[in-house]
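Letter by letter, the sequence shown follows residues 16 to 316 in the numbering used here. To start, the structure itself, in structure tokens.
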Amino acid sequence: MQDLLNDLAEAAAGDPDKGEVASYIPELAGINPEQFGIAIALADGQVFTAGDAEVPFSIQSVSKVFALALALGRVGDQLWYRVGREPSGLSFDSILLLEREDGIPRNPFINAGALVTTDTYLAGSSPKEALGELLRFVRAAADDDSIHINEKVAHSEIATGHRNFSLAHYLASHGNLRSTVGKVLGTYCHQCGVEMTCRQLAMAGRFLVDAQEMPQLVSVERRRRINALMMTCGHYDGSGDFAFRVGLPGKSGVGGGILVISPGRASIAVWSPGLNRYGNSKLGTEAMETFARRTGWSVFG
Ligand code: DON
């Protein structure tokens, strides 16, 4: 495993095309695209890392996985009255289908759907309490109390998040938000600003693996469903491509992180800030494709 991860880090370093760093969030625009890290937490408790696996990055949309687990913990299947479970075939921040589908977002991983899951775990609490709950969940999953939120990234996103504010107002106009737009956006942007290293993210993903050694934070049924949604919707309009090339459930973020689950085997985190045309890590996706080919791991047999 260590040799494989070293090979992936070496291949990434030698690839002249690193992709494009996200520029619409000012705090992310200045990040060096030359970085690449990977970490794997195996079912037997072993952890392997290579490259920049100890460098913290903002997990952005990968946080939507933890938010979904929290929202389901709050309201269970009631959540599905307010958000769907189908791929959107559109970019992560699209507003297009919201109008046609009466303010019910297609799935919890596009931004509109994630605003609904944030609103769900926020209901009845202050943003501070809700974010405290989110951090408690992530820290318990990773067994690491040092995980925190990067306030600069959160505020950079609040200041420039016109698209997300529009989505939230649109949801509110359909009665699909319980808290105010300001509270939801403040909480959502802080959630996206959770910072982790590849090692911490691989550890945090273990609750989705299904192995005795791993933290059991959600029921078996819920774990399977979250994995199913990661497979079908975790990479937005690149989800089909990721399933085709990697064959494992994954959730990406514009910070360049991807969390990948191999059920029964491992939780894997890969990070490289340059993105492909879908807004997912370019080198991260390529590394996972090689990883899946070399290990033979796939949920498709
Ligand atoms: O809301 C946003 O636009 C960002 N905080 C998160 C988007 C994101 O990570 C999309 N993923 N590839």
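Beta carbons: idealized from backbone N, C-alpha and C, even for Gly.
### Task
Please specify which runs of the beta strand (DSSP E), each continuous and at least 3 residues long, are wholly inside the segment 75 to 148, giving them in chain order.
Whole beta strand (DSSP E) segments, 3+ residues: zero.
### Message
For Val6, tell me which candidate among Arg239, Leu94, Asn291 and Met211 has the shortest Cα-Cα distance.
### Response
With the chain covering only 16 through 316, there is no way to say anything about residue 6.
### Task
Inspect the CB distances between the segment 165 to 176 and the segment 187 to 206 and report whether three or more fall short of 8 Å.
Using a C-beta cut-off of 8 Å, the segment 165 to 176 makes contact with the segment 187 to 206, since at least three inter-stretch Cβ pairs fall below that distance.
### Reduced DSSP category for Glu210 - H, G, I as helix; E, B as strand; rest coil
For the purposes of this step, residue 210 is taken as residue 195 along the sequence shown, with counting starting at 1. The answer is strand: DSSP assigns Glu210 an E or B state.
### Query
Under a Cβ-count criterion, where at least 16 other Cβ atoms within 10 Å of its own Cβ denotes burial, should His184 be classed as buried or exposed?
Looking up residue 184 in the sequence shown gives position 169. So His184 counts as exposed.
### Query
Starting from Leu57 and walking both ways along the beta strand (DSSP E), at which residues does that stretch end?
Within the sequence shown, residue 57 is the residue found at index 42, counting from 1. Its beta strand (DSSP E) spans residues Gly52 to Leu57.
### Task
With a floor of 3 residues, list each beta strand (DSSP E) that falls wholly inside the segment 231 to 273, ordered by position along the chain.
Fully enclosed beta strand (DSSP E) runs of 3 or longer: 265 to 267.
### Query
Can you give the Cα-Cα distance for Ser296 and Ser73, rounded to whole angstroms?
Here residue 296 corresponds to residue number 281 of the sequence shown, with the count starting at 1. Here residue 73 corresponds to residue number 58 of the sequence shown, with the count starting at 1. Ser296 and Ser73 have their C-alpha atoms some 13 Å from each other.
### Task
Quick one: using the 10 Å Cβ neighbour count with 16 as the cut-off for buried, is Thr300 buried or exposed?
In the sequence shown, counting from the first residue as 1, residue 300 sits at position 285. Burial call: buried.
### Query
Alpha carbon to alpha carbon, what distance is there between Leu274 and Glu114?
What you label residue 114 is simply residue 99 of the sequence shown in a count that begins at 1. What you label residue 274 is simply residue 259 of the sequence shown in a count that begins at 1. About 31 Å.
### Cutoff 8 Å; reference Gly265; Cβ partners in own chain excluding five residues on either side
Within the sequence shown, the letter at position 250 stands for residue 265. Excluding residues within five positions, the ones whose Cβ falls inside 8 Å are Met245, Met246, Gly249, His250, Phe257, Ile273, Leu274, Val275, Ile276 and Met303.
### Message
Could you tell me the alpha carbon to alpha carbon distance between Ile46 and Ala155, rounded to whole angstroms?
### Response
By 1-based counting over the sequence shown, the position of residue 46 is 31. By 1-based counting over the sequence shown, the position of residue 155 is 140. Taking the straight line from one Cα to the other gives about 28 Å.
### Neighbour-count burial assignment, Ser141, 16 or more Cβ in a 10 Å radius
Residue numbering aside, residue 141 sits at position 126 when the sequence shown is read from its first letter. Exposed: under 16 other Cβ atoms inside 10 Å.
### Query
Anyone know if the C-beta pair for Asn122 and Gly99 falls short of 7 Å?
Residue 122 sits at position 107 when you count from the first residue of the sequence shown. Residue 99 sits at position 84 when you count from the first residue of the sequence shown. Taking C-beta atoms as the reference points, Asn122 and Gly99 count as a pair closer than 7 Å.
### Query
Whole-angstrom Cβ separation of Ser159 and Gln215, contact assumed at under 8 Å?
Locating residue 159 in the sequence shown gives position 144, counting from the first residue. Locating residue 215 in the sequence shown gives position 200, counting from the first residue. According to the sequence provided, residue 159 is Asp. The question's Ser does not apply to it. Asp159 to Gln215, Cβ: 6 Å. Contact.
### Query
Taking the beta strand (DSSP E) that Arg282 falls in, what are its first and last residues?
Along the sequence shown, one-based indexing puts residue 282 at 267. Rather than Arg, the amino acid found at residue 282 in this sequence is Ser. Counting along the chain, Ser282 sits inside the beta strand (DSSP E) bounded by residues Ala281 to Trp286.
### Query
Which whole-angstrom value is the C-beta distance of Ile53 and Leu87, which I expect to be below 8 Å?
Numbered from its first residue, the sequence shown carries residue 53 at position 38. Numbered from its first residue, the sequence shown carries residue 87 at position 72. Ile53 to Leu87, Cβ: 29 Å. No contact.
### Message
Quick check: does the Cβ of Gln227 come within less than 6 Å of any heavy atom belonging to ligand 3?
### Response
Ligands displayed in this structure: ligand 1; ligand 3 is not among them.
### Task
Please classify His163: does DSSP put it in a helix, a strand, or coil?
For the purposes of this step, residue 163 is taken as the residue at position 148 of the sequence shown. Three-state result, His163: strand.
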